[in-house]
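One structure below.
There are 2 protein chains.
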Amino acid sequence: MSLGTALDRTDDAILRLLQKDARLSVKEIAAAVGLAPSSVHGRIRQLREAGVLRGAHAEVDPRALGIGLEALLMIGLSKHERDTVDRFLDDAVALPEVRAAFLVTGRYDVIVHVAVRDTQQLKDLALDHFTSRPAVTRIETSIIFEARRRHALPVYRAAG
Amino acid sequence: MSLGTALDRTDDAILRLLQKDARLSVKEIAAAVGLAPSSVHGRIRQLREAGVLRGAHAEVDPRALGIGLEALLMIGLSKHERDTVDRFLDDAVALPEVRAAFLVTGRYDVIVHVAVRDTQQLKDLALDHFTSRPAVTRIETSIIFEARRRHALPVYRAAG
DNA sequence: CTCATCTTCCGTAATCCATTCGGTGGTCAG
DNA sequence: CTGACCACCGAATGGATTACGGAAGATGAG
Numbered sequence: 000m001s002l003g004t005a006l007d008r009t010d011d012a013i014l015r016l017l018q019k020d021a022r023l024s025v026k027e028i029a030a031a032v033g034l035a036p037s038s039v040h041g042r043i044r045q046l047r048e049a050g051v052l053r054g055a056h057a058e059v060d061p062r063a064l065g066i067g068l069e070a071l072l073m074i075g076l077s078k079h080e081r082d083t084v085d086r087f088l089d090d091a092v093a094l095p096e097v098r099a100a101f102l103v104t105g106r107y108d109v110i111v112h113v114a115v116r117d118t119q120q121l122k123d124l125a126l127d128h129f130t131s132r133p134a135v136t137r138i139e140t141s142i143i144f145e146a147r148r149r150h151a152l153p154v155y156r157a158a159g
Numbered sequence: 000m001s002l003g004t005a006l007d008r009t010d011d012a013i014l015r016l017l018q019k020d021a022r023l024s025v026k027e028i029a030a031a032v033g034l035a036p037s038s039v040h041g042r043i044r045q046l047r048e049a050g051v052l053r054g055a056h057a058e059v060d061p062r063a064l065g066i067g068l069e070a071l072l073m074i075g076l077s078k079h080e081r082d083t084v085d086r087f088l089d090d091a092v093a094l095p096e097v098r099a100a101f102l103v104t105g106r107y108d109v110i111v112h113v114a115v116r117d118t119q120q121l122k123d124l125a126l127d128h129f130t131s132r133p134a135v136t137r138i139e140t141s142i143i144f145e146a147r148r149r150h151a152l153p154v155y156r157a158a159g
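What follows is the structure, given as structure tokens:
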């Protein structure tokens, strides 16, 4: 199940740096971790081939795109069969307004993070694409006042 | 309030491409949007200076880091004063296990997305850093079975 | 209509970087 | 000791990023 090669501390450091800023040059990373650029390049290539490094995504200011409101839709489903749930998640994430969709345990079944222009669009989105679905039993809407993120994941080393 | 320069369709396209893959070369983007590389470079530089493009972050496979479990902690607070809330969010996002923290309306006040090794660590994290806080009135834990993301934000153009 | 001005784009050239390759030292098994 | 293996390094090169000067089109005043 696990990947072929275990990560050492240098790999961890490289991953940490690239999660903070994917535009760092190999040279800069090399200086930070104390290796030659060619060595760092080899490690990054291996991490990519092993599927550990999956890509990079630019971060854009939501307000510059006209996004004035983000919200979490907390949704209960009537049917919990795999097909129903998978289909629901597929359809949700296909909507451009949807940033993320989580299948979860607890009081709700699915939590959907959406980014819209204003409350009007939020209402339309909820009514047209979620409330109207037969599988949906209820929705609670939580408007996001503030969001803070950490881009670097924690590292739990395999061998302790 | 708004930024000095409005975005046109070419800017939208550039931002969309970079959100999908921040490692795209200027040359590739230029070919995709039908401009010369130097022109695309100028636009990207302007977008960066205007604060629209905020940076880029590498995506890493959580399982490669030993992350076996992610969860959403849905938290109610007793006090809703600015200082209490800000402090709570600051402290939450300072924990390495925390990926994101949202201040929201609705049944809960704060929703925290965490990434841990296993249920044991989730229990310790919840009890040591959340349940034990005086401002916290209750916590509901939702384990994430599946997460789907869309890395490109929608664009709502200012002029319609 | 005409001129001035501003904006956007392009082509070119210089610089910088990513990437590859051959070589070296260190480690471990036999 | 000897050989294989592994990670790293340093140099070379191919390609990209980046800066610069000029051309083309849009806009507005006279």
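Quick mapping for you: the protein sequence lines, in order, are chains A and R.
Per numbering that gives the first Met the number 0, residue 0 is the first one in the first sequence, and the count goes up by one each step.
Per numbering that gives the first Met the number 0, residue 0 is the first one in the second sequence, and the count goes up by one each step.
Don't be surprised by glycine CBs; every beta carbon is placed ideally from N, CA and C.
Going by C-alpha to C-alpha distance, which of the options sits closest to residue i?
i	options	result
residue 142 (chain R)	R:83, R:45, R:49, R:70	R:70
residue 149 (chain R)	A:24, A:89, A:67	A:89
residue 155 (chain A)	R:145, R:65, R:103, R:147	R:65
residue 123 (chain R)	R:96, R:105, R:152	R:96
residue 131 (chain R)	R:5, R:39, R:87	R:87
residue 125 (chain R)	R:94, R:146, R:105	R:94
residue 146 (chain A)	R:43, R:24, R:82, R:98	R:98
residue 144 (chain R)	A:127, A:25, A:105	A:105
Considering only residues of the same chain and omitting the five flanking positions on each side of residue i, which have a CB-CB separation below 7 Å?
i	result
residue 129 (chain A)	72, 74, 135, 138
residue 78 (chain A)	134
residue 92 (chain R)	100
residue 35 (chain R)	29
residue 23 (chain R)	16, 17
residue 82 (chain A)	none
residue 127 (chain R)	none
Once you ignore the five residues that flank residue i on each side, which residues in its own chain have a CB closer than 8 Å to its CB?
i	result
residue 1 (chain R)	Residue confidence is low: residue 1 (chain R) scores 42 on pLDDT, short of 50, so the model does not pin down where it sits. Its coordinate-derived value is still stated next. Here the set comprises 157.
residue 108 (chain A)	74, 75, 76, 79, 84, 102
residue 38 (chain A)	29
With a cut-off of 8 Å on the beta carbons, I'd call residue i and residue j a contact; round off their distance for me.
i	j	result
residue 68 (chain R)	residue 118 (chain R)	6 Å
residue 61 (chain A)	residue 152 (chain R)	6 Å
residue 63 (chain R)	residue 21 (chain A)	With 8 Å as the limit, residue 63 (chain R) and residue 21 (chain A) do not qualify as a contact, their Cβ atoms being about 17 Å apart.
Which same chain residues, not among the five before or five after residue i, have their C-beta less than 6 Å away from its C-beta?
i	result
residue 40 (chain A)	25
residue 44 (chain R)	none
residue 120 (chain A)	none
- beta strand (DSSP E) runs contained entirely in the stretch 36-85 of chain R, provided each spans 3 or more residues: 52-59, 68-76
- Message: Counting beta carbon pairs with one atom in the stretch 139-156 of chain A and one in the stretch 70-80 of chain A, are three or more of them shorter than 8 Å?
- Response: yes
- Task: Give a yes or no on contact between the stretch 25-33 of chain A and the stretch 45-61 of chain A, applying the rule of three or more CB pairs nearer than 8 Å.
- Result: no
- Message: Under 8 Å: do the stretch 93-113 of chain R and the stretch 6-24 of chain R share three or more Cβ pairs, one atom per stretch?
- Response: no
- Task: Evaluate contact between the stretch 52-67 of chain R and the stretch 15-30 of chain A, counting only Cβ atoms and requiring at least three cross-stretch pairs below 8 Å.
- Result: yes
- Task: Tell me the start and end of each unbroken beta strand (DSSP E) in the stretch 109-157 of chain A that is at least 3 residues and wholly inside, in chain order.
- Result: 109-115, 135-148
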